[in-house]
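In our numbering, the protein residues as written are 50 to 97.
Even glycine gets a Cβ: it sits at the ideal position worked out from N, Cα and C.
Let me begin by presenting the structure, written as structure tokens, before commenting on it.
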């Protein structure tokens, strides 16, 4: 599994291509106070 933040998606895609794995889906949120939250949209249990 490979996750990348939206701000560095192009870089993450290049890494994924080099490793031969696709990027895993996730959700990002930015709150009014400047904090960020990222959560996977795929099951990560038992995965490396």
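Test item: CB-CB of residue i and residue j under 8 Å
i: residue 76; j: residue 88; result: yes
i: residue 72; j: residue 83; result: no
i: residue 64; j: residue 51; result: yes
Residue i, enclosing beta strand (DSSP E) - first and last residue
i: residue 76; result: 75 to 79
i: residue 88; result: 85 to 89
Boundaries of the alpha helix (DSSP H) in which residue i is found, first to last residue
i: residue 64; result: 58 to 68
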